[in-house]
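Colleague: In our numbering, the protein residues as written are 11 to 331. Quick one: the structure is below, questions incoming.
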Amino acid sequence: MPAGPATAHDLGLARVTLSEITEGRYSLDVRLTAGSLTFATPPGLPERAAVLEAALVSATGGARFELVAPGGLTAADTLVAPWGREGVVATAHWLDGTTGTAYFAPEPGGTPVPLAQLRATSGTFGRAARRYFDLGVIHIFLGVDHLLFVLGLLLLVRGTGALIKTVTAFTLAHSLTLALAVFDVVHVSSRAVDAVVALSIVFVATEIVHAERGRAGLSARWPWVVSFAFGLLHGLGFAGALGALGLPRPEIPVALLFFNLGVEAGQLVFVFAVVAARAAIRTLRFEPRPWARLAPGYALGVVAGVWLIQRLDIIWRTIAR
11 MPAGPATAHD LGLARVTLSE ITEGRYSLDV RLTAGSLTFA TPPGLPERAA
61 VLEAALVSAT GGARFELVAP GGLTAADTLV APWGREGVVA TAHWLDGTTG
111 TAYFAPEPGG TPVPLAQLRA TSGTFGRAAR RYFDLGVIHI FLGVDHLLFV
161 LGLLLLVRGT GALIKTVTAF TLAHSLTLAL AVFDVVHVSS RAVDAVVALS
211 IVFVATEIVH AERGRAGLSA RWPWVVSFAF GLLHGLGFAG ALGALGLPRP
261 EIPVALLFFN LGVEAGQLVF VFAVVAARAA IRTLRFEPRP WARLAPGYAL
311 GVVAGVWLIQ RLDIIWRTIA R
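Now the structure itself:
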């Protein structure tokens with residue numbers, strides 16, 4: 011049975027809260043947006059700082075570290091967070107009453123958290139834009155279900171004009187619902203969205219099989235209509251991912267714009283790669299057997315079908331509790 015994400019849009023972020031208790035004493039609370047901590051690896055600290063008490067892993071999968079730093083942590087210091095595959099959302103509460111929140115992208119060996127960017131501000135516009143753009147790119151490449159849906163559409167599209175209309179329709183649709191959801195205009199259960207995203211791939215997979223058998227369906231005749239309709243739902247999935255950041259309100263516009271641009275950049279790279287691969291195959295003048303033409307549709311359908319069952323099971327278990 012193919013493995014797949016039971017929930018599609020958990021970012022795998024670490025939410026970190028640094029609280030200054032007294033001068034030189036701090037608590038550091040860690041929680042993951044996807045999964046839980048079974049063993050809390052301590053953060054990387056400046057040389058003069060140390061973990062005063064071992065981390066306490068809570069029943070909910072979070073952890074707390076007690077830190078000490080003679081002379082106090084300063085804006086020149088950087089913590090390194092070893093948790094969260096897609097980075098860290100850090101919030102700092104300082105003794106002077108100020109608070110700072112920012113997202114930090116992961117790097118090899120951990121996620122650097124420069125404290126200068128948590129001093130009552132989330133950093134400069136350029137830094138924030140780069141962080142959210144990178145997060146969008148990372149998210150689309152880890153969002154396998156989104157990419158499989160786009161792949162399914164590309165297998166149905168014939169001609170450059172139809173390709174442009176299909177990709178544009180998908181972009182407009184998910185950009186619209188992403189914005190509406192981030193600004194709290196639309197509220198939809200993330201689990202329901204995950205299930206419908208899987209269903210959208212099953213639908214497109216069925217359309218691929220029908221088209222190869224000479225029965226062109228809605229997706230083959232008007233792929234841009236289907237991409238727009240399902241793009242509205244995929245946008246709600248992207249919004250769930252962005253919402254997991256717990257964005258400070260002043261940072262929402264820049265986060266929304268550049269996260270979306272990052273998603274689009276990653277998506278276009280994927281589209282160009284698929285189109286280039288198809289063009290390369292055509293130059294080989296290779297004529298696949300009939301069963302081989304059906305294989306992509308069946309493969310997409312099986313994988314997405316398993317995801318759909320898994321996600322419906324999660325919904326059912328939640329309701330049954």
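All C-beta atoms in this analysis are idealised placements derived from N, C-alpha and C, irrespective of residue type, glycine included. Remember, it's a predicted structure, so these values are computed and weren't measured experimentally.
1) Any idea what DSSP makes of residue 132, helix, strand or coil?
2) With distances taken from CA atoms, which of 310, 183 and 158 is nearest residue 234?
3) Are the beta-carbon atoms of residue 194 and residue 247 separated by less than 8 Å?
4) Does the distance from the C-beta atom of residue 162 to that of residue 214 stay below 8 Å?
5) Between the Cα of residue 221 and those of 147, 167 and 115, spot the shortest distance and give me the residue it belongs to.
6) Label residue 286 either buried or exposed according to how many other C-beta atoms from any shown protein chain fall within 10 Å of its C-beta, with 16 as the threshold for buried.
7) Check for me: the beta strand (DSSP E) holding residue 217 runs from which residue to which?
8) What three-state label does DSSP hand residue 279 in the structure shown?
9) To the nearest angstrom, how far is the alpha carbon of residue 227 from that of residue 172?
10) Leaving out five residues on either side along the sequence, give the residues of the same chain with a beta carbon under 6 Å from the beta carbon of residue 92.
11) Please report the residue range of the alpha helix (DSSP H) in which residue 157 lies.
12) Rounded to whole angstroms, what is the Cα-Cα separation between residue 142 and residue 303?
13) Out of 230, 153, 53 and 157, state which residue places its alpha-carbon closest to the alpha-carbon of residue 280.
Modeller: Per the coordinate set shown:
1) Because residue 132 sits at a pLDDT of 49, beneath the cut-off of 50, its placement in the model cannot be relied upon, and the following sentence gives the value as read from the coordinates. For residue 132, the three-state secondary structure derived from DSSP is coil.
2) Closest option to residue 234, Cα to Cα, is 183.
3) No, the pair does not count as a contact, with Cβ atoms beyond the cut-off.
4) Their beta carbons are under 8 Å apart, which means residue 162 touches residue 214 by this criterion.
5) Comparing Cα positions, the closest option is 167.
6) exposed
7) Note, residue 217: premise wrong, no beta strand (DSSP E); alpha helix (DSSP H) at 200 to 222.
8) helix
9) 15 Å
10) Excluding the 5 residues flanking it on each side, residue 92 has same chain C-beta neighbours closer than 6 Å at 51 and 120, in chain order.
11) 154 to 166
12) Taking the straight line joining both Cα atoms gives about 39 Å.
13) 157
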